[in-house]
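Structure first, commentary second.
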Amino acid sequence: AGSGVNADEIVGESLDINLGICGWVWKHRRPWWQGVLNELSDKERNQWEKEVGNVILVPLIGRNNFLGGIACINKIAGGDFDQHDLDLLTLLASQIATAIDNNNLIEQLEQANQKLFSEKVKAQVTLSSIGDAVITTDIEGRIDYLNPVAESLFDTTLIAAKQKHLSDLGTLLIEESRQPATGLVEYCLREGHLPSQYSTLIFAKQDGKNLFVEPSAAPILDQNGHTSGIVFVFHDVSQTHELTQQLSHQATHDVLTGLFNRRDFEIKVKQAIRHAEVENQEHSLLYMDLDQFKVINDTCGHIAGDELLKQYTEKLSDLVRHGDTLARIGGDEFGLLLESCPNQQALLVANKIQDMTHQFRFSWGEKTFGIGVSIGMIAITHQSGSVIEVISRVDAACYMAKEAGRGRIYVHDKADLALLTRHGEMEWTPRITLALEEQRMVLYYQPIVHSSNIADLNSHYEILIRMIDESGKLIPPGAFLPAAERYNLIARIDRWVISEYFRWLAEHPDQLNALVLGSINLSGNSLGDETCLRHIEHQLKVFSIPPEKICFEITETEAIANLAIAKNFIRRLKNHGCRFALDDFGSGFSSYAYLKNLPVDFLKIDGMFVKDIHTDAVNFAMVESINHIGHVMGRQTIAEFVENTETLQTLNKLGIDYMQGYGIAKPAPLNNLEKKLTPKIWASQA
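Put into structure tokens, the structure is as follows:
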């Protein structure tokens, strides 16, 4: 800026701060005027002496920096600038520097306020959009902020909650002890974090519902580093907790009836045996097998059979004391553990069950059915032995009850144990052995179709087995395979199936060429049998079967029970090129945990979850979860029990890879592969 005569001639000119008078003032931070002439060097005096009286240049120095300068050139009245002129200009320079400093401070303050406002808005937006509940308190523990999630979680508003204490919002309980989480704020103010036992808290709402939250806390520090309050974050894990509870229940309970399952029942029997040994207590174990159930199941279908079991279970549960354990341990088999109950008292319970069953009627459509129940009983004492021995004996007692005419109660006695064992072996062992020797075992197959092409029924299938009895009647596997497992014949059946199927493929080269994958079931006995492993390797070589066309199915239960053996078995055959499927996947709580350790290719989802997936939200969620986890781990999924169009459509939406079930195709003799079949569901949609 400039003012005065001819000032416009210098306005806008750029003066180098390192040269001339400007450079001298900038360097010395002092005014330039004729009074400094004696301080100049000879060179400077020779250069500027003639003009020194015509110029005054005073520096503008702010609080923290050099701002510039103010100059007067050529005094209008004539003559040189004197001390008075210097004093006036110095005063003016001081005022200008102060004004510039103040203006800079105002600009900085405005920028700081704008930045503070922007940060505040960002913080509020962040807290409002975060998915967790956030609450802040002052040093006294009074609430001064809640984000919208906290308002929703605790059923309040910021206005209503302000200045209240955290405890005023509701009751917080420690999950493990269900004791009130008292002193929460005080502890955090003192220690700066939550107590370790507060990993999960329960918020008991006024409407009676419980929310499960994972809390975290941190101190709010002022500029001096002193705690001025606490910020709490509550992560709502109610849905996760509910799903965990469902999975935990699923791990120990039968899906259909809600009773304990066989695995957990055996655990409780083992505990009862231990209790009997330590406390010299006597317990009783009942093994019940429904009579005539198969007739109803075959006549009316699986849906009717399931409904009968549910209705019967409700009646059966009414007769059980609180604290006793009722379990479904097979298709139509139940176990009842009566603790601190001698056999004489248990016999009264068994008779009540017989009476209830005798009166029980099941209606389906226009038909009404009655059923019976055969009951085996055994006392659990300090001499009972292992859980396997106890259950085997009571199972044998139940078998004897059936043999005695059904609808009977048979109390096990050590004296006739040999007779029971012999009787069972005489019933089943010769029939199965003779059927194998006389080639009265027959191979069946059931197609496994890709979800994108359910019309292809011939390239991928599961191999099944049927037995023809002495009279030529076809016996389903459910009738003789349990006995084969019980009396150690199942591994022999496995080897027969493998040999016969490989032989059939070798004799039908067209079918072998068309085959994409043939699945063969392996029992738990074969899974740990080195002989079976060598047999498979030998048969692959003898019949020149490409290993990549063969898949072996093992059940989840057997694989987990023999994890190390299963991993070795699978690895050896996969080295040849064979593939593996984990059958009945999802029936155990430990499924996901063990899946990473089993190098299988397919997960066959337990049919119990699949058959009503289009109407049951929990089963839908289970199948969706299994399919997602399977795909993440690189496994393909197969859904069993696909019996109708609705199920198929639902599975397609979920992205299930393969499907199998009566709705697509029922099991048929293996020789029928040469015929072109039409899928039932596909045909119904055509």
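Using the numbering used here, you'd call the opening residue of the sequence shown number 651 and step up by one each time. Don't be surprised by glycine CBs; every beta carbon is placed ideally from N, CA and C. All values reported here derive from a predicted model rather than from experimental measurement.
Does the ligand FAD have even one heavy atom less than 6 Å from the beta-carbon of Ser691? As presented, the structure is devoid of all ligands, the ligand FAD included, so that no description of it is given.
How many angstroms separate the CA atom of Val702 from the CA atom of Gln684? In the sequence shown, residue 702 corresponds to position 52, counting from 1. In the sequence shown, residue 684 corresponds to position 34, counting from 1. Taken atom to atom, the span from the alpha-carbon of Val702 to that of Gln684 is near 5 Å.
Below 6 Å CB to CB, which residues in the same chain sit around Leu861 once its five sequence neighbours on both sides are set aside? Residue 861 sits at position 211 when you count from the first residue of the sequence shown. The residues are Phe853, Ser888.
Which one of Lys944, Ala1029, Tyr1312, Gly973 has the shortest CA to CA distance from Phe1019? The count along the sequence shown starts at 1 and reaches residue 1019 at position 369. The option with the nearest alpha carbon to Phe1019 is Lys944.
Which whole runs of the beta strand (DSSP E) in the segment 870-894 are 3 residues long or more, in chain order? Qualifying beta strand (DSSP E) stretches, in chain order: 877-886.
Just the Cα atoms here: how many angstroms apart are Trp1154 and Lys920? Taking the sequence shown and counting its residues from 1, the one referred to as residue 1154 is at position 504. Taking the sequence shown and counting its residues from 1, the one referred to as residue 920 is at position 270. Spanning the two alpha carbons is a distance of roughly 46 Å.
Quick one: what's got a C-beta closer than 8 Å to Asn1247's C-beta in the same chain, skipping five residues either side? The residue you call residue 1247 lines up with position 597 of the sequence shown. So the list reads Leu1213, Lys1217, once near-sequence residues are dropped.
If we ignore side chains and look at the alpha-carbon of each, how far apart do Arg912 and Gly980 end up? Here residue 912 refers to the residue found at position 262 of the sequence shown. Here residue 980 refers to the residue found at position 330 of the sequence shown. Approximately 8 Å, taken between the alpha carbons.
Starting from Ala1141, trace the beta strand (DSSP E) both ways and give me its first and last residue. The residue you call residue 1141 lines up with position 491 of the sequence shown. Per DSSP, Ala1141 belongs to no beta strand (DSSP E); it is in the alpha helix (DSSP H), 1140-1157.
Length of the line joining the Cα atoms of Asp1233 and Ile1170: Counting from one through the sequence shown, the residue named residue 1233 turns up at place 583. Counting from one through the sequence shown, the residue named residue 1170 turns up at place 520. Approximately 11 Å between the Cα atoms of the pair.
May I have the straight-line CA-CA distance separating Val999 from Asn993, to the nearest angstrom? Taking the first residue of the sequence shown as position 1, residue 999 is located at position 349. Taking the first residue of the sequence shown as position 1, residue 993 is located at position 343. Using only the alpha carbons, I get a separation of about 10 Å.
Using beta-carbon positions only, say whether Leu976 and Leu935 come within less than 7 Å of one another. As a working note, residue 976 is residue 326 in the sequence shown. As a working note, residue 935 is residue 285 in the sequence shown. No; because the gap between Cβ atoms is not below 7 Å, this pair is not in contact.
Exposed or buried, which one is Lys1379 when buried takes at least 16 other CB atoms within 10 Å? Here the chain has residues from 651 to 1336 only, and residue 1379 is not among them.
Should Gln1009 be labelled buried (16 or more other beta-carbon atoms within 10 Å of its own) or exposed? By 1-based counting over the sequence shown, the position of residue 1009 is 359. Gln1009 sits exposed, since fewer than 16 C-beta atoms from the chains shown fall within 10 Å of its C-beta.
Whole angstroms are fine: how far does the CA of Gly1015 sit from the CA of Asn1163? To locate residue 1163, count along the sequence shown from 1; it is residue 513. To locate residue 1015, count along the sequence shown from 1; it is residue 365. Take the alpha-carbon of Asn1163 and the one of Gly1015: they are about 47 Å apart.
Give me the Cα-Cα distance between Asp1179 and Asp1251, rounded to the nearest whole angstrom. The residue given as residue 1179 occupies position 529 in the sequence shown. The residue given as residue 1251 occupies position 601 in the sequence shown. Note on geometry: alpha-carbon atoms of Asp1179 and Asp1251 lie some 21 Å from one another.
Per-residue burial, Gln1189 [other beta carbons within 10 Å of its own, 16 or more giving buried]: Here residue 1189 corresponds to residue number 539 of the sequence shown, with the count starting at 1. When all chains shown are included, Gln1189 counts as buried.
Are Gln813 and Arg840 close, meaning C-beta to C-beta below 7 Å? What you label residue 813 is simply residue 163 of the sequence shown in a count that begins at 1. What you label residue 840 is simply residue 190 of the sequence shown in a count that begins at 1. No, they are not a contact pair.
On the three-pair Cβ rule with 8 Å, is the segment 875-893 touching the segment 781-792? With the cut-off at 8 Å, the segment 875-893 and the segment 781-792 touch.
Could you name the residues that DSSP lists as bridge partners for Glu1112? Here the question's residue 1112 lines up with position 462 in the sequence shown. BP columns for Glu1112 point to Gln1096, Ser1169.
Ile1041 classed as buried or exposed, judged by whether at least 16 other C-beta atoms fall within 10 angstroms: Within the sequence shown, numbered from 1, the residue matching residue 1041 stands at position 391. By the 10 Å Cβ count, Ile1041 comes out buried.
Let me make sure I understand the geometry here. Which of Lys960, Ser849, Trp674, Tyr937 has the alpha-carbon closest to that of Glu983? On the sequence shown, residue 983 is found 333 positions in, with the first residue counted as 1. Of Lys960, Ser849, Trp674, Tyr937, the smallest CA-CA separation from Glu983 is found for Tyr937.
Can you list, in chain order, the residues of its chain with a C-beta nearer than 7 Å to that of Thr1031? Leave out the 5 residues immediately preceding and following it. For this step, residue 1031 is matched to residue 381 along the sequence shown. Cβ within range, chain order: Ala926, Glu932.
Is the CB-CB distance between Ile1314 and Val1166 below 7 Å? To locate residue 1314, count along the sequence shown from 1; it is residue 664. To locate residue 1166, count along the sequence shown from 1; it is residue 516. Taking 7 Å as the cut-off, the Cβ atoms of Ile1314 and Val1166 do not count as close.
At what residues does the alpha helix (DSSP H) containing Lys1246 begin and finish? For the purposes of this step, residue 1246 is taken as residue 596 along the sequence shown, with counting starting at 1. Per DSSP, Lys1246 is not a residue of any alpha helix (DSSP H), being assigned neither H nor E.
Inter-residue Cα distance where the pair is Val1273 and Ile1263: If you number the sequence shown from 1, residue 1273 lands on position 623. If you number the sequence shown from 1, residue 1263 lands on position 613. Spanning the two alpha carbons is a distance of roughly 8 Å.
Return the residue from the list Leu834, Met1309, His1185 that minimises the CA-CA distance to Thr821. As a first step, residue 821 is located in the sequence shown; it is residue number 171 there, counting from the start. Ranking Leu834, Met1309, His1185 by Cα distance to Thr821 puts Leu834 first.
If you draw a straight line from the C-alpha of Ser1034 to the C-alpha of Ile1276, how long is it? As a first step, residue 1034 must be located in the sequence shown, where it is residue number 384. As a first step, residue 1276 must be located in the sequence shown, where it is residue number 626. For Ser1034 and Ile1276, the distance between alpha carbons rounds to 40 Å.
Buried or exposed for Pro845, going by 16 or more other Cβ atoms inside 10 Å? Indexing the sequence shown from 1 puts residue 845 at position 195. Around the beta carbon of Pro845, a 10 Å sphere encloses fewer than 16 other beta carbons of the protein chains shown; the residue is thus reported as exposed.
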